[in-house]
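Reading through the structure tokens given below for one structure.
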Amino acid sequence: MKYDVILIRYGELALKGRNRDIFEETLMRSVKAVLTPFEKAKVHRSYGRMYVELNGEDAAGIIERLQRVFGIISISPTKRVASTEEAIKQGALDLIRSIKPAPATFRVVTRRVDKRFPKPSMDVSRMIGTHILRNVPGIKVDLHNPDAVVQIEIRNEGTFLSSETMPGAGGLPVGASGKVMLLLSGGIDSPVAGWMMMKRGVTLEAIHFHSYPFTSERSLQKVRDLAQKLAVWGGTIRLHVVPFTEIQTAIRDRCPQDYLITIMRRFMMRIAERIARENGALALATGESLGQVASQTLESMNTITHVVNIPILRPLISMDKVEIMDLARKIDTYELSILPYEDCCTIFTPKNPVTRPKPEQASRFERRLDVEELVNRAVEQTEVEEITTKPREAGAELF
Ligand code: ATP
Ligand code: MG
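Remember, our numbering sits 81 above the position in the sequence shown when you count from 1.
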């Protein structure tokens, strides 16, 4: 079957009024963005659906891209025929004959948007069902568990026929929920956290703390590659690379071993907050999961959070490592994340980090450092890179 229009279903049921408008406008922008390489394809919106007119462009390629656009619930490639009984009968018959392997059972579902069409939808379904039964030897109707569903939508622009529905990525379109600054390490967790935030409509910027020469250029490249995997789901990601060597060295030289990680994290938060504010991000996000390691206990999170005044979102907080790893595989970041390049934390990991750090203690040790000055310098020396997706990124398993 040669398709001419792709039908996009979208929308969270709970969205109303202004939120719904923002949702639709943002989704339209995302859809147009992924369709850029397909010059002849045209997208338009009507009555709570979006349509991509293929005008000869490749349906499979477009569907693959649409499946990475958050906000889309499902996608169907459709064939358009004239809104006449004869044309719909013939089109439905062609459609069911084109399905491989040939279905033993079917049902017809009709939606009549164009009320000028004289027959109500139930009658259309019955008429088309009868026509198929008469013309396809041996086929039967099964309303509950059919092999094939013939979907008919009668609209002002014509009648759309389809038999396939592919799942979309769900969530909200990227850009509908404002901007978040993700603390992106080279590990397994933070890329997944970033993906989960994007799924809720967030525009992501990322910040990475780099401790050259303790950590190599390759470990930074790994972070860029991870950001690029995330960009597949939401266009360009601005990556802020913070030089962190001076701070880490100062902490290591003047603070006790068991508080190194806690104090280092507090510096990360202070710097991330500053850079978030300068770039219009209203929250930070991390890949922390409760109890996963010593620095991710409630006491620890409390002590770390104490130094900033910006929400810190932790989308993985209640997830198990296995669940996080599964998701990392699905979004195709896992293989990159397990590459062995050291990150700044593994280099400075003390043997016995404190599991219940106290904010007062951390503050007391930090008095040995010029916190303001160290933070200012790191922020000043931060460099920004724009990470964009490759023209045709292969990989992520489709949802
Ligand atoms: P990940 O797998 O994301 O590295 P992790 O389990 O290794 O997480 P930690 O090392 O405790 O956990 O780091 C907790 C969070 O702090 C990370 O998920 C990330 O958001 C942030 N983080 C850690 N190191 C860095 C870094 N070098 N640059 C930016 N963010 C970092
Ligand atoms: Mg890590």
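Just so you know, even glycine gets a beta-carbon here, dropped at the ideal spot from N, CA and C.
Since we're looking at a predicted model, the values are computed, not measured.
Using a 10 Å radius around the Cβ and a threshold of 16 neighbouring Cβ atoms, would you call Pro438 buried or exposed?
Counting the other Cβ atoms within 10 Å of the Cβ of Pro438 gives 16 or more, which makes it buried.
CB of Gly268 to nearest heavy atom of the ligand MG: below 7 Å?
yes
Cβ pair Ile169, Trp276 closer than 8 Å
no
At the level of alpha carbons, what is the spacing between Ile103 and Thr117?
21 Å
Between Ile344 and the rest of its own chain, which residues show a CB-CB distance below 7 Å, the 5 nearest in sequence each way excluded?
Hits under 7 Å: Ile332, Cys336, Ala443, Phe446, Glu447.
Could you tell me the distance, in whole angstroms, from the CA atom of Pro396 to the CA atom of Lys260?
15 Å
Mind checking whether Arg305 and Leu320 have CB atoms under 8 Å apart?
yes
Does DSSP classify Val323 as helix, strand or coil?
In this structure, Val323 counts as strand in the three-state DSSP scheme.
Answer yes or no: do Gly282 and Gly256 have a C-beta to C-beta separation smaller than 8 Å?
Against a cut-off of 8 Å, the Cβ pair of Gly256 and Gly282 comes out as a contact.
Which complete alpha helix (DSSP H) runs does the stretch 373-449 hold, if anything under 4 residues is left out?
379-386, 402-411, 415-418, 425-428, 440-447
Give me the Cα-Cα distance between Leu371 and Met400, rounded to the nearest whole angstrom.
8 Å
Less than 8 Å between the beta carbons of Leu265 and Ala287, yes or no?
yes
Taking its Cβ as the centre, do 16 or more other Cβ atoms sit within 10 Å of Leu361, making it buried, or is it exposed?
Residue identity differs from the one stated: residue 361 is Gly in this sequence, not Leu. Per the 10 Å Cβ criterion, exposed.
To which residues of the same chain is Ile318 closer than 7 Å at the C-beta, ignoring the five residues directly before and after it?
Leu285, Glu286, Ala287, Ala308, Leu311, Ala312, Ile468
Indicate the three-state DSSP secondary structure (helix, strand or coil) for Glu145 in the structure shown.
helix
Using 8 Å for Cβ pairs, my map puts Tyr84 next to Pro184. What's the rounded Cβ distance?
Going by Cβ atoms, the distance from Tyr84 to Pro184 rounds to 18 Å, so no, they are not a contact pair.
Give the C-beta separation of Gly172 and Val189 to the nearest angstrom, bearing in mind that I take them to be a contact with Cβ-Cβ under 8 Å.
Between Val189 and Gly172 the Cβ distance is about 12 Å, and since that is not below 8 Å, they are no contact.
Give the single residue among Thr165, Ala114, Met406, Asp451 whose Cα lies nearest to the Cα of Ile269.
Met406
Along the beta strand (DSSP E) that carries Pro158, what are the first and last residues, could you check?
153-162
As assigned by DSSP and simplified to three states, the class of His225
coil
Output yes or no for whether 8 Å exceeds the beta carbon distance between Leu408 and Ile328.
The criterion of a C-beta distance shorter than 8 Å is not satisfied by Leu408 and Ile328.
Hey, Val273 and Thr414: beta-carbon distance below 8 Å or not?
yes
What separation, rounded to the nearest whole angstrom, lies between the Cα atoms of Phe151 and Tyr91?
9 Å
For Arg473, which three-state DSSP category applies?
Unreliable placement is indicated for Arg473, whose pLDDT of 49 sits below 50; no coordinate value is reported for it.
Inter-residue Cα distance where the pair is Val222 and Ala229
10 Å
Thinking just about the alpha-carbon of each residue, which of Gly137, Ser155, Ser271 is nearest to the one in Thr246?
Ser155
Taking the alpha-carbon of Ile482 as reference, which of Lys196, Leu450, Ile177 has the nearest alpha-carbon?
The structure shown has nothing for residue 482, since the chain only spans 82 to 480.
Just to confirm, does Ser399 get its C-beta within under 7 Å of one of the non-hydrogen atoms of the ligand NAD?
For the structure depicted, the ligand NAD is absent and the ligand set comprises only the ligand ATP and the ligand MG.
Where does Phe480 fall in DSSP's three states?
Reliability fails at Phe480, whose pLDDT of 42 lies under 50, so the model's placement of it is uncertain and no value is given.
Boundaries of the beta strand (DSSP E) in which Gly368 is found, first to last residue:
For Gly368, there is no enclosing beta strand (DSSP E), since its DSSP letter is neither H nor E.
Candidates Ala140, Arg197, Thr186: closest to Ser164 by CA position:
Arg197
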